[in-house]
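**Q** Every position in the sequence shown, counted from 1, becomes a number in the numbering used here once 15 is added.
All C-beta atoms in this analysis are idealised placements derived from N, C-alpha and C, irrespective of residue type, glycine included.
Keep in mind it's a predicted model, so treat the numbers as computed, not measured.
Right, I'll just put the structure down here and ask away after.
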Amino acid sequence: MAKKKSVKKQAGLPLRSDTSEKVKLTQRDKKTIGSLINLADTVVASAQKTKDPRLEIPTRSLSNVRYNKSQRILEMGKNTTARQLFNLNQAKSYMQTMLAAAGCKRLVESGKTTSIRGLYYLMKHTIAGTKEETFSDQAESDPIIEDLEVLLESLREELHLYAQQRGSMVGNIILNDKGDTIDCSRMGSGGYGIPSIVEADVIQFTECGADFVLHVEKDTVWQRFNEDKFWKKHNCILTHGSGQPPRGVRRLLHRLHNELKLPIYCVFDNDPWGYYIYSVIKQGSINLAYESKRMAVPEAKFLGLRAIDYERCDLNPSVQIALNDTDRKRAKQIAKYPWFEQKKTWQKEIQKLLDNGFKLEVEALISQGLSYVTDVYVPERLEDRTWLD
């Protein structure tokens, strides 16, 4: 009987995969590794000069975000927050940042990816000679990963990290996904699951005959459009992001628009949260303001649902959902966003919502017929070009 080989693992140093296969790095991977090495070099340079190693991390807050009117996107400002190794209040977070960088470098070099939770477990261990844990829980590691992104000016996906997959696509487009040919017109009822990493070295657009992209807020509404073959009747690509779309979906919409020149139309609920999701797709978000150029689609149009649709579509009173104090506060905040504040159509829309005193979900249109949204509502809005911009 063959003896089992014993494998010893040092605390806090996860074993590298034993493979003789040489990993072929992409240009994107080489650039990311270079950034990670430069980060490590700053520590060495400080040590050689007997200086306190420090990181200047761009501040991820509303106060450090500005709206670029010419490009119509959010941008990160120049404010930074210092993180020092020899500051007792900052030493742990400094160590955690470098630990996350080391973990990401290992991932990129090995050609492997993992979830942000996977990286948390890769980094988590008891520090030698102490009872101190590097991370107490994932809520502690997630902000560190975001700090590393803005510090390196890299997308999470470039660090070989992915988030939970949420979003599907169906329509007249053929993709190459890591060597596999995906015909999105033959994906059945579930569609093609949009992955977290959708960069050009992973996904290439092989053929596309679609005229536009229709992005809907929820998978339940997407199922109605897919079942009714809306994408086939109107020659489009149909996507959803399960509410607030994850980064992979937003990045894919950006690529479809900029590389294939496809218009993006969005069908969201008539409530402050639907307005906000549209805002994120159109202008970008605070946390990812440094990557708006690769994520935002300023030309995206808001196709519905509108506050005037209660009367326009003769909806039943039972579909009304009363606004609460949080809804009203959020609506007023959104009305003051620079990209909405100067637009009379949006000010009128938000005021109408507040005057109504209730919000509407896209599913409310079912009261006019199961397929009313696909057969009547969206086709008419597209033909009449009655969207908000």
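Could you spell out the range, first to last residue, of the beta strand (DSSP E) harbouring I279?
**A** Its beta strand (DSSP E) spans residues 279-282.
**Q** Given T389, which residues of its chain have a CB within under 8 Å of its CB, disregarding the five upstream and five downstream residues?
**A** Closer than 8 Å at the Cβ level, and outside the excluded window around T389, lie R239, F240, D243, F245.
**Q** Starting from D340, trace the beta strand (DSSP E) both ways and give me its first and last residue.
**A** Note, D340: premise wrong, no beta strand (DSSP E); alpha helix (DSSP H) at 340-350.
**Q** Can you give the Cα-Cα distance for Y290 and I279, rounded to whole angstroms?
**A** Spanning the two alpha carbons is a distance of roughly 15 Å.
**Q** Closer than 9 Å, CB to CB, is H269 near chain B or not?
**A** Judged by its chain identifiers, the structure shown contains no chain B, having just a single protein chain.
**Q** Check M138 in the structure and name its three-state DSSP category.
**A** In this structure, M138 counts as helix in the three-state DSSP scheme.
**Q** In whole angstroms, give me the CA-to-CA distance for G186 and S156.
**A** Rounded to whole angstroms, G186 to S156 spans 38 Å at the Cα level.
**Q** Could you give the distance in angstroms between the alpha-carbon of A106 and the alpha-carbon of R98?
**A** So the two alpha carbons sit approximately 8 Å from each other.
**Q** Among P332, K308, R345, Q366, which has the Cα closest to the Cα of A322?
**A** When each option's Cα is compared against that of A322, the closest is Q366.
**Q** Taking the C-alpha atoms as reference points, what is the distance between I193 and Q42?
**A** Checking the sequence, you will find Lys at residue 193 rather than Ile. Going by the C-alpha atoms only, they are around 16 Å apart.
**Q** Whole angstroms is fine: what's the gap from L170's alpha carbon to C328's?
**A** Whole-angstrom Cα-Cα distance: 42 Å.
**Q** By the three-class DSSP mapping on this structure, what secondary structure does L30 have?
**A** No answer about L30 holds up, because its pLDDT of 38 lies below 50 and its placement is not dependable.
**Q** Looking only at its own chain, which residues have a Cβ that is under 8 Å from the Cβ of P210, when we skip the five neighbours before and after it?
**A** Y177, Q180, D192, V217, I218, G263, listed in sequence order.
**Q** Since R87 and Q357 should fall inside the 8 Å C-beta cutoff, what is the C-beta to C-beta distance between them, to a whole number of angstroms?
**A** No, R87 and Q357 are not in contact; Cβ-Cβ is about 12 Å, not under 8 Å.
**Q** Roughly how many angstroms lie between the CA atoms of G372 and D340, to the nearest whole one?
**A** Answer to the nearest angstrom: the Cα atoms are 11 Å apart.
**Q** Who are the near neighbours of W175 in its chain, counting only those whose CB is closer than 6 Å to its CB and skipping five residues on each side?
**A** Checking the displayed sequence, the identity of residue 175 turns out to be His instead of Trp. Cβ within range, chain order: L122, V123, T128.
**Q** Report the option in V213, T57, A304 whose CA atom is closest to the CA atom of L70.
**A** Minimum Cα distance to L70 is reached at T57.
**Q** In the DSSP assignment, find the unbroken beta strand (DSSP E) run with V334 in it and report its ends.
**A** Note, V334: premise wrong, no beta strand (DSSP E); not H, not E.
**Q** Rank E147, M310, W402 by C-alpha distance to the C-alpha of I212 and give the top, closest one.
**A** Checked all of E147, M310, W402; the closest Cα to I212 is M310.
**Q** Shortest alpha-carbon distance to R8 belongs to which of Y352, F150, E378, I159?
**A** The structure shown does not extend to residue 8, since the chain is modelled only from 16 through 404, so no value can be given for it.
**Q** Would you report the Cα separation of L253 and T235, rounded to the nearest angstrom?
**A** Computed Cα separation, rounded: 13 Å.
**Q** Tell me whether the beta-carbon of A215 lies closer than 9 Å to the beta-carbon of R270.
**A** Closer than 9 Å, so yes.
**Q** Give me the Cα-Cα distance between V255 and S108, rounded to the nearest whole angstrom.
**A** Position check: residue 255 holds His in this sequence, whereas Val was assumed. The straight-line gap from Cα to Cα measures roughly 36 Å.
**Q** In chain order, what residues of the same chain lie with their CB nearer than 6 Å to the CB of M91, ignoring the 5 residues before and after it?
**A** Taken in chain order, the residues that qualify are P73, A304, Y305.
**Q** Which of the three DSSP states, helix, strand or coil, is assigned to P394?
**A** In this structure, P394 counts as helix in the three-state DSSP scheme.
**Q** Have a look at the DSSP bridge pairing and note the partners of P68.
**A** For P68, which the question treats as bridged, DSSP gives no partner whatsoever.
**Q** With H, G and I counted as helix, E and B as strand and the rest as coil, what does DSSP make of C328?
**A** If DSSP states are grouped into helix, strand and coil, C328 belongs with coil.
**Q** Rounded to a whole number of angstroms, what is the C-alpha to C-alpha distance between D226 and K276?
**A** If I take the Cα positions, the gap works out to 9 Å.
**Q** Let me know the secondary structure DSSP gives A154 once reduced to three states.
**A** A154 falls in the helix class under three-state DSSP.
**Q** Measure the alpha-carbon distance for W237 versus M202 and round it to whole angstroms.
**A** Their Cα atoms are separated by approximately 14 Å.
**Q** Residues in its own chain within less than 6 Å of Y207 by CB, not counting five upstream and five downstream?
**A** Counting only Cβ-Cβ distances below 6 Å, and skipping sequence neighbours, we find M184, I197, C199.
**Q** Closest to G133 by C-alpha separation, out of I142, G118, T145, S125, would be which residue?
**A** Of the listed residues, the one whose Cα sits closest to G133 is G118.
**Q** Do V391 and G319 have their CB atoms nearer than 9 Å?
**A** Taking 9 Å as the Cβ cut-off, V391 and G319 do not qualify as a contacting pair.
**Q** Beta-carbon separation of G205 and L267 under 9 Å?
**A** Cβ distance not < 9 Å, so G205 and L267 don't count as in contact.
**Q** Is it true that the CB of P260 sits closer than 9 Å to the CB of R345?
**A** Not a contact, by the Cβ cut-off of 9 Å.
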